[in-house]
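Here is the structure we will look at, set down as structure tokens.
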Amino acid sequence: MKRLIAGFILISALPVQAQQLDLETCLRMADTANLTLRNARLDIAITDKNRDAYLAARLPQVSFTGDYKYNAIIPGQVVPAAFFGGPPGSFSTVQFGVPFVLSNNVQLTQILFNTQLNYGLAALRVNNQIVDIQLRLTEQEVRHQIASTYFNLQAVNRQLTFVNGNLANMDKLIRNMQAMVAQQMMLQTDVDKLTINRLSLQNTDQTLRATKSQLEGLLRILIGMNADAPVNLAPDAMVEKSILLDLGEANYPELELIKTQQMMNNEERKGNNMAYLPNLSFYGTYNYSINMKPQDSYRVGIEGAFLGLRLDWKLFDGLEKVHKQAANKFTAEKLNNQLDQTQQQLELRRSNALNQIGIQTTSLKIAQEQLKLADNIYNQTAAKFEQGVASSNDLIIADNALQQAQTTVVASYIQLRQAELDYLKSIGSIK
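Sequential numbering of the sequence shown, starting at 60, is according to the numbering used here.
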């Protein structure tokens, strides 16, 4: 038991290895932590609640009105004097009411038929579909950004590996050459030439590390990691990533969005036509008024209640609906044009991305062959240089060729990954 406890303590004391992040893990983390996606899902929740609020208009509405009034000067009314036994043809001014009137009014209203309410509910249903499609578009955009950042970071890491290896080789050569200079077997000028190349590699290393830091910071934000959390990526082979490709049926959310906007346009046209019809509502009111005249100690409460049907019908609106229908027709034509144009653009983008995958796959294979050759040439030239057969210029040329081949491999790798991502984005299938 003591050995078991000691072993557990020893294991607990070991440093915890940072989690290796592959692309699938990054996308899964972003699904719950990415703020852009969370806001897009909140838009759906907001739309649902707005629809609930709109539906509430179909329920009975109860309102209360309190009117507490003091008549500083009681208004008068001119009436014929004959009402009070006066001479015919003459008039008298009579004041009606008391100084204090407290009126309380409760009213219930129920919509029986409202054209705009019916149109609004249909429009909200279509709007829910629009928000859902916009969420899918946002998901594709965010996932594309995450994947692009992930592969760019992979490329920087690979480039740093190449640079660090080149620095190690360069340091070894410079040490050997300095020893030969000390023995007067070589000129200091040859050492200085290689030192210039080493300084260039150091500058490249610093630039790459700064870029790596920026990409890591962006990836942390995109997938919801802590700002100080280490970013440890799983290695990605520099080959065609067949798992990224889905050659099945294309899914174009952009086209679905335009088609849904066409549905909204159609509902607006129906709503404009419905606006020619009247609106009908039922209402019931109960009123209780207290009339007071303090100087006479007079106080009386008066009740009142009534039911009614209200019909609102706009017979002429100054041709407002006519102009709205004309605008609606132009919008429909515009959406038809957008649908055709977007479909052509998406098909072209998909075809171009698919072609680029083939081109960049071939380019990467060629670049990898060039790297093997450049690496062999550099190793042979370095060996000949140490034997005194090759010059320092030959070594510098071989080193530059090796660095160029390394850069070409990394560039071909990231271009291939970008082409794969563009293809998946073009068919709405980044998962």
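Yeah, the Cβ is synthetic: ideal placement off N, Cα and C, and Gly gets one too.
query, result
"Please report the distance separating the alpha-carbon of Lys271 from that of Asp264.", "10 angstroms"
"Note down, in chain order, each residue of its chain lying with its Cβ closer than 7 angstroms to the Cβ of Asp81, except the 5 sequence neighbours on either side.", "Ala293"
"So for Asp295, helix, strand or coil by DSSP?", "coil"
"What is the residue span of the beta strand (DSSP E) that Phe123 lies within?", "Gln120 to Tyr129"
"If we ignore side chains and look at the alpha-carbon of each, how far apart do Gln166 and Asn98 end up?", "40 angstroms"
"Looking only at DSSP bridge pairs, what is Gln152 linked to?", "Looking at the sequence provided, one finds Thr at residue 152 rather than Gln. Paired residue(s): Val137."
"Would you call the CB atoms of Gln180 and Leu114 closer than 9 angstroms?", "Looking at the sequence provided, one finds Leu at residue 180 rather than Gln. Taking 9 angstroms as the Cβ cut-off, Leu180 and Leu114 qualify as a contacting pair."
"In three-state terms, what does DSSP make of Leu378?", "coil"
"Just to confirm the assignment: which complete alpha helix (DSSP H) runs, minimum length 4, are found wholly within the region 74-108?", "82-92"
"In the DSSP assignment, find the beta strand (DSSP E) that holds Lys352 and state where it starts and stops.", "Asn338 to Lys352"
"Name the two residues that bound the continuous alpha helix (DSSP H) containing Gly330.", "Pro312 to Met333"
"Any idea what DSSP makes of Gln166, helix, strand or coil?", "strand"
"Around the C-beta of Met229, are 16 or more other C-beta atoms found within 10 angstroms, so that it is buried, or is it exposed?", "buried"
"Could you tell me the alpha carbon to alpha carbon distance between Asn395 and Asp111, rounded to whole angstroms?", "32 angstroms"
"What are the complete beta strand (DSSP E) segments, minimum 3 residues, inside the region 356-433?", "357-371"
"Quick one: what's got a C-beta closer than 6 angstroms to Gln397's C-beta in the same chain, skipping five residues either side?", "Ile317"
"Checking 9 angstroms against the spacing of the C-beta atoms, do Gly190 and Asp102 come in under that value?", "Per the sequence presented here, residue 190 reads as Val, with Gly not at that position. In contact: Val190 and Asp102 (Cβ atoms closer than 9 angstroms)."
"Roughly how many whole angstroms lie between the Cα atoms of Ser151 and Leu118?", "50 angstroms"
"Between Arg202 and Gln213, what straight-line distance do the alpha-carbon atoms span, to the nearest angstrom?", "16 angstroms"
"Between which two residues does the alpha helix (DSSP H) carrying Ile496 extend?", "With the chain running from 60 to 490 in the structure shown, residue 496 is simply not present."
"If you check the beta carbons only, do Ser356 and Leu161 fall under 9 angstroms apart?", "no"
"Taking the alpha carbon of Asp295 as the point to measure from, which residue in Lys108, Ala391 and Ala206 has its own alpha carbon closest?", "Ala206"
"Give the C-beta separation of Tyr178 and Cys85 to the nearest angstrom, bearing in mind that I take them to be a contact with Cβ-Cβ under 8 angstroms.", "The Cβ separation is near 44 angstroms, so there is no contact."
"Can you look up Lys490 in the DSSP assignment and give me helix, strand or coil?", "coil"
"Which of helix, strand or coil does DSSP assign to Val222?", "helix"
"Mind checking who Leu161 pairs with in its DSSP beta bridge?", "Tyr127 and Ile349"
"Count the other C-beta atoms from every protein chain shown that fall within 10 angstroms of the C-beta of Asn438, then say buried if there are 16 or more, exposed otherwise.", "exposed"
"Under 8 angstroms, with one C-beta from each stretch per pair, do the region 416-426 and the region 461-479 reach the 3-pair mark?", "yes"
"According to DSSP, Phe172 sits in a beta bridge with which residue or residues?", "Leu339"
"Can you tell me whether Ser122 is buried or exposed? The criterion is at least 16 other CB atoms within 10 Å of its CB, across all chains shown.", "exposed"
"Apart from the five residues on each side of it in sequence, which residues of its chain come closer than 7 angstroms, Cβ to Cβ, to Leu96?", "Ala89, Asp90, Thr197, Glu198 and Val201"
"Any idea if Asn256 is buried or exposed, counting beta-carbon neighbours within 10 angstroms, 16 or more meaning buried?", "buried"
"Let me confirm a value: Asn452 is counted as buried when at least 16 other C-beta atoms fall within 10 Å, else exposed. Which label applies?", "exposed"
"If I measure Cβ to Cβ from Thr124 and keep anything under 7 angstroms in the same chain, skipping five residues before and after, which residues do I get?", "Asn164"
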